[in-house]
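Asker: Sequences listed follow chains A and B, in order. End of the first sequence = 497 in the working numbering, gap-free, step of one. End of the second sequence = 347 in the working numbering, gap-free, step of one. Below you will find the structure I want to go over with you.
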Amino acid sequence: MIDAALEGMAMLFTIKSMLFMFLGISVGMVFGAIPGLSGQTALAVLLPFVLGMEPVTAMALLLGAHVAVEYAGSISAILINTPGTGQAIATCWDGYPMAQKGEAARALSISATSSALGGLFGFVVLVAFIPIMKITLMALASPEYFITAFVGLAFIVVLGGGSLIKALISGGIGLMIAFIGLDPMTSVPRFTFGQLYLWDGISLIPIVVGLFAFPEVAMLMAKGGSISRIELKGSQWGLIWQGIKDTFQHWGILLQGSAVGAVIGVLPGLGGTVANLAAYGLAANTSKEKDQFGQGAVDGIIAPESANNSKEGGDLIPTIALGIPGGAGMAILLGAFVMVGLTPGPDMLTTGLKYTFAIAWILAVANLLTTAIGLLFCAPIARLSFLPVYVLAPTIMAVCLVGAYLDGNEIENVFLAVGLGFLGYMMRRTGYPRAPLIIGVVLGGIVERYLHMSLKLYGGLFFLRPISMFLIAIIVLTIAAPVIYRKRMKAAAGVTR
Amino acid sequence: MKLKRFFLFFVAVSLLPLSMVYPPSLWGQTEAEQLKWYHDKTINLIVPHGAGGGFDIYARLVAPFFKKHIPGVNIIVQNITGAGGLRGRNQVYTARPDGLTIGFTTGAGMIFSVWSGLEGVQFDLRKMNYLGRIAYESQVLALSNRGPLKSFQDLKKAGRPIKLGFSGVGSDDYYTTAIIASYFGYKTDPITGYSGSREANLAAVRGEVDGVQVQASSLMPLFKSGDLIPVLTLAYKRDPELPNVPTAIELAETPEAREIALAMTNIFVVDRLFFAPPDIAPSRLNFLRRTFDKIVDDREFLEYANKAKRPVDPLKGEEVERLVREILKVGEQKIQPLVREIAKQAR
Chain A
1 MIDAALEGMA
11 MLFTIKSMLF
21 MFLGISVGMV
31 FGAIPGLSGQ
41 TALAVLLPFV
51 LGMEPVTAMA
61 LLLGAHVAVE
71 YAGSISAILI
81 NTPGTGQAIA
91 TCWDGYPMAQ
101 KGEAARALSI
111 SATSSALGGL
121 FGFVVLVAFI
131 PIMKITLMAL
141 ASPEYFITAF
151 VGLAFIVVLG
161 GGSLIKALIS
171 GGIGLMIAFI
181 GLDPMTSVPR
191 FTFGQLYLWD
201 GISLIPIVVG
211 LFAFPEVAML
221 MAKGGSISRI
231 ELKGSQWGLI
241 WQGIKDTFQH
251 WGILLQGSAV
261 GAVIGVLPGL
271 GGTVANLAAY
281 GLAANTSKEK
291 DQFGQGAVDG
301 IIAPESANNS
311 KEGGDLIPTI
321 ALGIPGGAGM
331 AILLGAFVMV
341 GLTPGPDMLT
351 TGLKYTFAIA
361 WILAVANLLT
371 TAIGLLFCAP
381 IARLSFLPVY
391 VLAPTIMAVC
401 LVGAYLDGNE
411 IENVFLAVGL
421 GFLGYMMRRT
431 GYPRAPLIIG
441 VVLGGIVERY
451 LHMSLKLYGG
461 LFFLRPISMF
471 LIAIIVLTIA
481 APVIYRKRMK
491 AAAGVTR
Chain B
1 MKLKRFFLFF
11 VAVSLLPLSM
21 VYPPSLWGQT
31 EAEQLKWYHD
41 KTINLIVPHG
51 AGGGFDIYAR
61 LVAPFFKKHI
71 PGVNIIVQNI
81 TGAGGLRGRN
91 QVYTARPDGL
101 TIGFTTGAGM
111 IFSVWSGLEG
121 VQFDLRKMNY
131 LGRIAYESQV
141 LALSNRGPLK
151 SFQDLKKAGR
161 PIKLGFSGVG
171 SDDYYTTAII
181 ASYFGYKTDP
191 ITGYSGSREA
201 NLAAVRGEVD
211 GVQVQASSLM
221 PLFKSGDLIP
231 VLTLAYKRDP
241 ELPNVPTAIE
251 LAETPEAREI
261 ALAMTNIFVV
271 DRLFFAPPDI
281 APSRLNFLRR
291 TFDKIVDDRE
301 FLEYANKAKR
311 PVDPLKGEEV
321 ERLVREILKV
331 GEQKIQPLVR
341 EIAKQAR
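In structure tokens:
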């Protein structure tokens, strides 16, 4: 096994492979940062070029792009409150407030550092799981998927901000949006009003553009000034260094976010958006700076950003072990594996083990390289948040509307985004939290599907499966432990006083 | 090359007097005229499937060769997904029949969407024009190694409906498995809701469902490792890589079952096809079909496809058209009512 690990590393560290990785990362950065251009599109664009390449070079190119997209999605999330990809939604919620405080560079740097560390965590998980990949996959079934997604739904309450009722209403609207489209079990069109456009449901990018980007632009235009409420003074490098330090100081949340990402990665079908949201929700519950969430909390950036990168390691597990891709991006990678002559599946753990290790190494190196590039560009990118509104507002509007269109090449998306813009603005003005709505949209369909399948396959008591019970126990402990701990501390403090 | 050009020139010149007697509108345009017409025009190749997927890869492999064989033409591959591919297929069908809009999709998917009476279908498969099929991949019914059922005979002896995993009711495999089952003496219990065939396959490996229907090539490694047991293929002949797996036609015990097995096999024989809107001028349709034939015969293309590990097994447009008509004829009496029934039950 060590031989294979070294051989895999040797295959990667050639000038050619590294150059192609760099190229892949550059493409991924651009695609990730523009809302509507997804990681899948980046991979699909690069796919024709891998024909005839050596397997490791091809993987370096594609995985480089794949990893970079995960990081770059957070750039627009932090700067203009619109995630470049669905996997960076929760990053908006504390990244953008931090940018408003004039610390965009710090937020970008936290995001870059925790992406790298999360990615490395994913790498460790991937390598650690190589011997037991298959057993793990065999153990987790629909009920476990349901439980994981259901816990995510519970975060609606946590992310409500002030009012529980308002959070529930917002989450309810999200669920209603989630149920638009063909019923996943019976394929009966629901709430589609005879429109083919609505059959696939409403995709995330127009919703996010409408709910988050438009209200911000409207507020900015009303208020004038720039995104940052304070003026640019001095060098940004101090803030960047601060961001790196922040990430290492908050190692508890970093580990927690990475672990959430890895677990969700192993469950193919849940995806990076769920990882990002769940890690944020959990951190909002366990973080020490809980009360600052939504106002630029450091933990609120670390958790989601580490999760969406560590997810990649987990995602690769079913792809490699069984030749069954863990997500849409992985499905394209799988196509590429075949095109360059690798056969994903059980062979990758025996005769092809060196390639499996090469992929793990690529993942690790690409993460570090992405972060290095990201950190280097933090300062110039962060300056965007100090631009005056008359330059910024039209640009953001244009980018967002084009992004909404690009998401599926549907013009209806643009109208939808504008319409939801009004909803978002009203919600903002009347103090309705918008995060629960997004959670409802993302998780509604998933919860429905797995609940249905669990009931049908395992009956009404499906959650009594040993593995399900184990999972429930872990979740209860993670959520309850900090609460109990804090109560005890308070009680202890009360006694001494 | 020069000889060929000379020959073309010769043909064109020799046809010249003919055109004076009969105007082109009567006897159709020559290849040279078609080539001239296409010069500087843009063909839209609509792929109603996601970027980077199997259909998309084929379309993008073929696209540059349209340019090669129709000099001066431009071609754009557009992924128009939505409504399970219906949006893109409708868009091709309702496009102007000038030969500048063509599509590439699954024939099986179109047939089942028509038969099930899916709302929103705007196309008539008898009027649709077919340019040719690019590849055929045999479908395989595979059972989980972790379940109690290990062979086709076990299905009949199971004494309970067989749990099969699908992404949704509308999928090809959903109808196919149910129809085969009803003529082969067992029942199925479809488990829908998996986010795609990949997740359904994982569920089968895990033993959560008894089996799935898959494309043979995509899961060959899992057959070799023994995680999935292939028990039946939908093909005229056994798959050379799975010599011990009988075809549905072989397994049929009654003449009726045999007829159904053949029809179901035909449906997948016309699976990956290029199509065009109805009412295209015959000369232009013929030109597009011959261009397709040239592409799939082009050694450079075959090498290119081979490099990408995409099998090419072409069938001419005329043959596809004949098969589709035959499938519709047999199917409308015997299979369509069943498909309707299955779709109704699912609701």
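Yeah, the Cβ is synthetic: ideal placement off N, Cα and C, and Gly gets one too.
Please compile the residues from chain A whose C-beta is within a distance smaller than 9 Å of the C-beta of residue 251 (chain B).
Answerer: Your numbering for residue 251 (chain B) matches position 251 in the second sequence. Near residue 251 (chain B) there are no residues of chain A at all, since even the closest Cβ is about 27 Å away, more than 9 Å.
Asker: Taking 8 Å as the threshold (C-beta atoms), are residue 123 (chain A) and residue 363 (chain A) in contact?
Answerer: Translated into positions along the first sequence, residue 363 (chain A) becomes position 363. Translated into positions along the first sequence, residue 123 (chain A) becomes position 123. Yes. Within cutoff.
Asker: Which chain E residues are close to residue 208 (chain B), counting only those with a beta carbon under 7 Å from its beta carbon?
Answerer: Of the protein chains in this structure, namely A and B, none is chain E.
Asker: In chain order, which continuous runs of the beta strand (DSSP E) of length 3 or greater are located wholly inside the stretch 166–207 of chain B?
Answerer: Here the runs fully enclosed are 188–191.
Asker: Residues of the stretch 47–77 of chain B in Cβ contact with chain A at a cutoff of 9 Å, in chain order, please.
Answerer: Listed by position, the residues of the stretch 47–77 of chain B near chain A (Cβ gap below 9 Å) are 50, 51, 52, 53, 54, 56, 57, 60 and 61.
Asker: Skipping 5 residues on each side, what residues in its chain have a beta carbon closer than 7 Å to that of residue 36 (chain B)?
Answerer: The sequence position of residue 36 (chain B) within the second sequence is 36, counting from 1. Closer than 7 Å at Cβ, skipping near neighbours: no residue.
Asker: First and last residue of the alpha helix (DSSP H) that includes residue 425 (chain B)?
Answerer: Residue 425 (chain B) lies beyond the residue range present for chain B, which begins at 1 and ends at 347; the question has no answer from this structure.
Asker: Can residue 336 (chain A) and residue 12 (chain A) be called in contact, C-beta distance under 8 Å?
Answerer: Within the first sequence, residue 336 (chain A) is the residue found at index 336, counting from 1. Within the first sequence, residue 12 (chain A) is the residue found at index 12, counting from 1. Cβ atoms of residue 336 (chain A) and residue 12 (chain A): not closer than 8 Å.
Asker: Just tell me which of A:217, A:126, A:154 and A:148 has its CA closest to the CA of residue 397 (chain A).
Answerer: Here the question's residue 397 (chain A) lines up with position 397 in the first sequence. Among A:217, A:126, A:154 and A:148, the Cα nearest to that of residue 397 (chain A) belongs to A:217.
Asker: Nearest-angstrom Cα distance between residue 324 (chain B) and residue 290 (chain B)?
Answerer: In the second sequence, the residue the question calls residue 324 (chain B) occupies position 324. In the second sequence, the residue the question calls residue 290 (chain B) occupies position 290. Roughly 19 Å between the two C-alpha positions.
Asker: Rounded to the nearest angstrom, what separates residue 349 (chain B) and residue 191 (chain A) at their Cα positions?
Answerer: Examination of residue 349 (chain B) is not possible in this model, given that chain B is present from 1 through 347 alone.
Asker: Please tell me whether residue 424 (chain A) and residue 178 (chain A) are closer than 8 Å, where the distance is taken between their beta carbons.
Answerer: What you label residue 424 (chain A) is simply residue 424 of the first sequence in a count that begins at 1. What you label residue 178 (chain A) is simply residue 178 of the first sequence in a count that begins at 1. No, Cβ-Cβ distance for residue 424 (chain A) and residue 178 (chain A) is not below 8 Å.
Asker: Tell me where the beta strand (DSSP E) around residue 226 (chain A) begins and ends.
Answerer: Within the first sequence, the letter at position 226 stands for residue 226 (chain A). Residue 226 (chain A) -> no beta strand (DSSP E), and no H or E assigned at all.
Asker: Which runs of the alpha helix (DSSP H) fall wholly inside the stretch 80–150 of chain A and span at least 4 residues, in chain order?
Answerer: Complete alpha helix (DSSP H) runs here, min 4: 89–100, 104–129 and 133–139.
Asker: Whose CA, out of A:236, A:40 and A:438, lies closest to the CA of residue 377 (chain A)?
Answerer: Residue 377 (chain A) sits at position 377 when you count from the first residue of the first sequence. Residue A:236 is the option with its Cα nearest to residue 377 (chain A).
Asker: From B:210, B:265, B:157 and B:214, pick the residue whose C-alpha is nearest to that of residue 235 (chain B); which is it?
Answerer: On the second sequence, residue 235 (chain B) is found 235 positions in, with the first residue counted as 1. When only C-alpha atoms are compared, the closest one is B:265.
Asker: On a CA-only basis, which of B:131, B:163, B:232 and B:247 is nearest residue 286 (chain B)? Give me that one, please.
Answerer: Counted from its first residue, the second sequence places residue 286 (chain B) at position 286. Measuring from the Cα of residue 286 (chain B), the nearest candidate turns out to be B:131.
Asker: Residues of the stretch 80–100 of chain B with a CB closer than 9 Å to any CB of chain A: list them in chain order, please.
Answerer: Taking 9 Å as the Cβ-Cβ cut-off against chain A, the residues of the stretch 80–100 of chain B that qualify are 80, 81, 82, 83, 84, 86, 87 and 90.
Asker: For my contact list, residue 108 (chain B) and residue 214 (chain B) are in at a C-beta cut-off of 8 Å; report their separation, rounded to the angstrom.
Answerer: The residue you call residue 108 (chain B) lines up with position 108 of the second sequence. The residue you call residue 214 (chain B) lines up with position 214 of the second sequence. No, residue 108 (chain B) and residue 214 (chain B) are not in contact; Cβ-Cβ is about 14 Å, not under 8 Å.
Asker: Identify whether residue 77 (chain B) lies in helix, strand or coil by the three-state DSSP scheme.
Answerer: For this step, residue 77 (chain B) is matched to residue 77 along the second sequence. Here residue 77 (chain B) sits in strand by DSSP.
Asker: According to DSSP, is residue 144 (chain B) part of a helix, a strand, or is it coil?
Answerer: Here residue 144 (chain B) corresponds to residue number 144 of the second sequence, with the count starting at 1. Strand.
Asker: Residue 138 (chain B) to residue 268 (chain B), Cα distance in whole Å?
Answerer: Counting from one through the second sequence, the residue named residue 138 (chain B) turns up at place 138. Counting from one through the second sequence, the residue named residue 268 (chain B) turns up at place 268. Going by the C-alpha atoms only, they are around 8 Å apart.
Asker: Report the three-state DSSP secondary structure of residue 281 (chain B) (helix, strand or coil).
Answerer: Numbered from its first residue, the second sequence carries residue 281 (chain B) at position 281. Coil.
Asker: Flag this pair as touching only if the stretch 150–166 of chain B and the stretch 406–417 of chain A have three or more C-beta atom pairs under 8 Å; answer yes or no.
Answerer: Touching, no, given that fewer than three Cβ pairs across the two stretches are closer than 8 Å.
Asker: What is the C-beta distance between residue 370 (chain A) and residue 77 (chain A), in whole angstroms, given that I count them as a contact (C-beta under 8 Å)?
Answerer: Translated into the one-based positions of the first sequence, residue 370 (chain A) becomes position 370. Translated into the one-based positions of the first sequence, residue 77 (chain A) becomes position 77. Actually they are not in contact, since the Cβ atoms of residue 370 (chain A) and residue 77 (chain A) sit about 16 Å apart, beyond 8 Å.
Asker: Just to confirm the assignment, what range does the alpha helix (DSSP H) spanning residue 175 (chain A) have?
Answerer: Counted from its first residue, the first sequence places residue 175 (chain A) at position 175. Residues 164–178.
Asker: Within 10 angstroms of its Cβ, does residue 151 (chain B) collect 16 or more other Cβ (buried), or is it exposed?
Answerer: As a working note, residue 151 (chain B) is residue 151 in the second sequence. So residue 151 (chain B) counts as exposed.
Asker: Helix or strand or just coil, what does DSSP make of residue 316 (chain B)?
Answerer: As a working mapping, residue 316 (chain B) is identified with position 316 in the second sequence. Of the three classes helix, strand and coil, the one that applies to residue 316 (chain B) here is strand, per DSSP.
Asker: How many whole angstroms separate the CB atoms of residue 253 (chain A) and residue 299 (chain A), which I take to be in contact at a CB cut-off of 8 Å?
Answerer: For the purposes of this step, residue 253 (chain A) is taken as residue 253 along the first sequence, with counting starting at 1. For the purposes of this step, residue 299 (chain A) is taken as residue 299 along the first sequence, with counting starting at 1. Yes, they are in contact, since the Cβ atoms of residue 253 (chain A) and residue 299 (chain A) sit about 5 Å apart, within 8 Å.
Asker: Run through chain B and tell me which residues come within less than 7 Å of residue 332 (chain A), C-beta to C-beta.
Answerer: Mapped onto the first sequence, residue 332 (chain A) falls at position 332. Those within 7 Å of residue 332 (chain A) in chain B are 52.
Asker: Should residue 39 (chain B) go down as buried or exposed, given a rule of 16 or more other Cβ atoms within 10 Å for buried?
Answerer: Position 39 of the second sequence, counted from the start, is the residue given in the question as residue 39 (chain B). By the 10 Å Cβ count, residue 39 (chain B) comes out exposed.
Asker: Kindly confirm or deny that the stretch 318–332 of chain A and the stretch 22–35 of chain A touch, where touching means at least three C-beta pairs closer than 8 Å.
Answerer: No contact exists between the stretch 318–332 of chain A and the stretch 22–35 of chain A.
Asker: Identify the residues that DSSP records as bridge partners of residue 47 (chain B): which are they?
Answerer: Indexing the second sequence from 1 puts residue 47 (chain B) at position 47. DSSP output for residue 47 (chain B) lists B:79 as bridge partner(s).
Asker: Excluding the five sequence neighbours on either side, which residues of its own chain have a C-beta within less than 6 Å of the C-beta of residue 339 (chain B), listed in chain order?
Answerer: Within the second sequence, residue 339 (chain B) is the residue found at index 339, counting from 1. Answer for residue 339 (chain B): 115, 116 and 175, listed in chain order.
Asker: Strictly below 9 Å CB to CB, what residues from chain B border residue 347 (chain A)?
Answerer: The sequence position of residue 347 (chain A) within the first sequence is 347, counting from 1. Neighbours of residue 347 (chain A) on chain B, chain order: 221, 224 and 225.
Asker: Chain B beta carbons: is any one of them nearer than 8 Å to that of residue 228 (chain A)?
Answerer: For the purposes of this step, residue 228 (chain A) is identified with residue 228 of the first sequence, where counting begins at 1. Judged by the 8 Å Cβ criterion, residue 228 (chain A) is not in contact with chain B.
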